[in-house]
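Novice:
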Amino acid sequence: MKRYQLLLILGGIVLILGIGMAWSSFDSGRQLETFSIPAGSDWHYYFEVSLPLGGAIQIRFSVLSSGTVDTFVFDATHYGLYAQGGSATPVHSETGSTGDYAVTVPRPGTYYVVFEHGAGFDDVEQRVQTIYRVVGVDPVFLGIGASIAVVGLVLAVSGIRAKRKEVPSAVPPTPSTVKFFEPPRPPG
Amino acid sequence: MEERKVALIPHVLFQGMAGPKEYSVLLTDQRTIFVLEKSSKAMVGFMLGGVIGAAIAESVATRRVTDFENMPVENLAMDPKNLAVPHGSIQRLVMKRKVAGASLRIEYTRPDGKRKKLTALVTPRADQLKQQKRQGVRKKEARRAYVRQAKEAFERALSAAAASRAEWRL
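Heads up: the sequence lines are chains A and B, in that order.
Sequential numbering from 1 applies to the first sequence in the working numbering.
Sequential numbering from 1 applies to the second sequence in the working numbering.
1) Using Cβ-Cβ distances below 7 Å, what residues of the stretch 6-27 of chain B are close to chain A?
2) Listed from N- to C-terminal order along the chain, which residues in the stretch 28-54 of chain A have their beta-carbon within a distance smaller than 8 Å of any beta-carbon of chain B?
3) Could you give the distance in angstroms between the alpha-carbon of TRP43(A) and the alpha-carbon of VAL14(A)?
4) Let me confirm a value: SER164(B) is counted as buried when at least 16 other C-beta atoms fall within 10 Å, else exposed. Which label applies?
5) The beta strand (DSSP E) with GLU167(B) in it runs from where to where?
6) Can you tell which of ARG3(A), PRO52(A), SER66(A), ARG161(A) has its C-alpha closest to the C-alpha of VAL135(A)?
7) Between the C-alpha atoms of LYS96(B) and ARG148(B), what's the straight-line distance to the nearest angstrom?
8) State the start and end residues of the unbroken beta strand (DSSP E) segment that holds GLU3(B).
9) Shorter than 9 Å from the beta carbon of ALA135(B) to some beta carbon of chain A?
10) Quick one: grab the DSSP three-state call for PRO139(A).
11) Roughly how many angstroms lie between the CA atoms of LYS2(A) and LYS21(B), to the nearest whole one?
12) Is it true that the CB of VAL73(A) sits closer than 9 Å to the CB of TYR111(A)?
13) Could you tell me whether the stretch 16-35 of chain B touches the stretch 66-76 of chain B, using the rule of 3 or more Cβ pairs below 8 Å?
14) Which residue marks the beginning of the beta strand (DSSP E) containing GLU116(A), and which one marks its end?
15) So, using beta-carbon positions, are THR98(A) and VAL113(A) closer together than 9 Å?
16) Who are the neighbours of ALA150(B) on chain A, taking C-beta pairs under 7 Å?
17) Tell me which residues share the same chain as SER158(A) and place their Cβ nearer than 6 Å to its Cβ, disregarding the 5 neighbours each side in the sequence.
18) By alpha-carbon positions, which one of ARG105(B), LEU170(B), LYS5(B) ends up nearest to LYS116(B)?
19) Beta strand (DSSP E) containing PHE100(A): first to last residue?
20) Does any residue of chain B have a CB that is nearer than 9 Å to the CB of PRO183(A)?
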């Protein structure tokens, strides 16, 4: 394999990887979680999400067993307070047996989505299903992806330049029109 | 008797799985030899897409340059990438006009007795069409002239028996 071919192929692969990575930074896709909150008022369930600047989280939940749940979205500081039983202010709260909401966060960072027993259902184990989706640009992924894409582009362009510099073959090129060979001359 | 080179049709296209394959056709007084010039990887380009995809497809396309003047016919015929059809084995040859040139269909019998069909598109190279356009020749006219020359090349090369099995629908 020639140098320019290697550069072009490598550049193409790296470029596609970079574009793919940069593209994936725009949308994390939907995540599905099914979990149980054990019986007892001390129990809650949480998962953490990393939200970029101007990012949002869309949450849809439904109680598969019985009753209602309270759900909150906290930033890291307030989740710490909540977990220690202190007074915490959520970014968003919702109550019900089903729900569908979206929260746009004021600052980038780690946020905690919390589910706890609804009023009157502390003593029963509750099974909950949630589908959530993080919307926003992940700057780290975008930066790495764009950098990789640029490296791929540079490699590919180098390959194209290297190809142009190639020394042409010494063999005469195939004619562009139909060529008729001279018939052999009769002896004598 | 020594095999004599009669004519060279510089460009015909075969449709391959990975993209079109470009062949030259060397006609001798005994055989038609399809000589692989360029094996395209158009599918690679299609999958990658864009300018870079096209450049990559072009770069991984296998190009071969053949010295038709000096290379012995037997060497070309023996090359596994090429295809040699002895004129005596041709059952039927049809050249039919198409928008992009002419289709060439050859039905022949292989040495092992199997009957084979091959179909190629007889059409000038794109750079040749561009060059002729600059000289004021329309693409349609350039293609027709090329097909006429290709027909003449076959007529000169085929034996009387093989020529009787040829159809020209041009």
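Note that the Cβ used here is the ideal one computed from N, Cα and C, for glycine as well.
Specialist: Taking the definition as stated:
1) Cβ contacts with chain A: VAL6, ALA7, LEU8, ILE9, PRO10, SER24.
2) Here the close residues number zero.
3) Taking the first sequence and counting its residues from 1, one reaches residue 43(A) at position 43. Taking the first sequence and counting its residues from 1, one reaches residue 14(A) at position 14. TRP43(A) and VAL14(A) have their C-alpha atoms some 47 Å from each other.
4) Here residue 164(B) refers to the residue found at position 164 when the second sequence is read from its first residue. Within 10 angstroms of the beta-carbon of SER164(B) lie fewer than 16 other beta-carbons, which makes it exposed.
5) Residue numbering aside, residue 167(B) sits at position 167 when the second sequence is read from its first letter. For GLU167(B), the enclosing beta strand (DSSP E) has its first and last residue at 166-169.
6) Here residue 135(A) refers to the residue found at position 135 of the first sequence. Ranking ARG3(A), PRO52(A), SER66(A), ARG161(A) by Cα distance to VAL135(A) puts PRO52(A) first.
7) By one-based count along the second sequence, residue 96(B) stands at place 96. By one-based count along the second sequence, residue 148(B) stands at place 148. Going by the C-alpha atoms only, they are around 11 Å apart.
8) Residue mapping note: residue 3(B) aligns to position 3 of the second sequence, counting from 1. No beta strand (DSSP E) contains GLU3(B), which DSSP labels as neither H nor E.
9) Taking the first residue of the second sequence as 1, we reach residue 135(B) at position 135. Correcting the residue type first, residue 135(B) is Gln in the shown sequence and not Ala. Output row for GLN135(B): interface = no.
10) Position 139 of the first sequence, counted from the start, is the residue given in the question as residue 139(A). For PRO139(A), the three-state secondary structure derived from DSSP is helix.
11) For this step, residue 2(A) is matched to residue 2 along the first sequence. For this step, residue 21(B) is matched to residue 21 along the second sequence. Going from the Cα of LYS2(A) to the Cα of LYS21(B) covers about 21 Å.
12) The residue you call residue 111(A) lines up with position 111 of the first sequence. The residue you call residue 73(A) lines up with position 73 of the first sequence. Cβ distance < 9 Å, so TYR111(A) and VAL73(A) count as in contact.
13) Between the stretch 16-35 of chain B and the stretch 66-76 of chain B, the count of C-beta pairs closer than 8 Å reaches three or more; the two stretches touch.
14) Numbered from its first residue, the first sequence carries residue 116(A) at position 116. Its beta strand (DSSP E) spans residues 109-117.
15) Position 98 of the first sequence, counted from the first residue, corresponds to residue 98(A). Position 113 of the first sequence, counted from the first residue, corresponds to residue 113(A). Not in contact: THR98(A) and VAL113(A) (Cβ atoms no closer than 9 Å).
16) By one-based count along the second sequence, residue 150(B) stands at place 150. Counting only Cβ-Cβ distances below 7 Å, ALA150(B) has contacts in chain A at VAL178, in chain order.
17) Counting from one through the first sequence, the residue named residue 158(A) turns up at place 158. The residues are LEU7.
18) Within the second sequence, numbered from 1, the residue matching residue 116(B) stands at position 116. The shortest Cα separation from LYS116(B) among ARG105(B), LEU170(B), LYS5(B) belongs to ARG105(B).
19) Sequence index remark: in the first sequence, residue 100(A) carries index 100 (1-based). Note that residue 100(A) is Asp in the sequence shown, not Phe. If you look at ASP100(A), you'll find it in the beta strand (DSSP E) that goes 98-104.
20) Working through the first sequence from its first residue, we reach residue 183(A) at position 183. Yes - at least one Cβ of chain B is within 9 Å of the one on PRO183(A).
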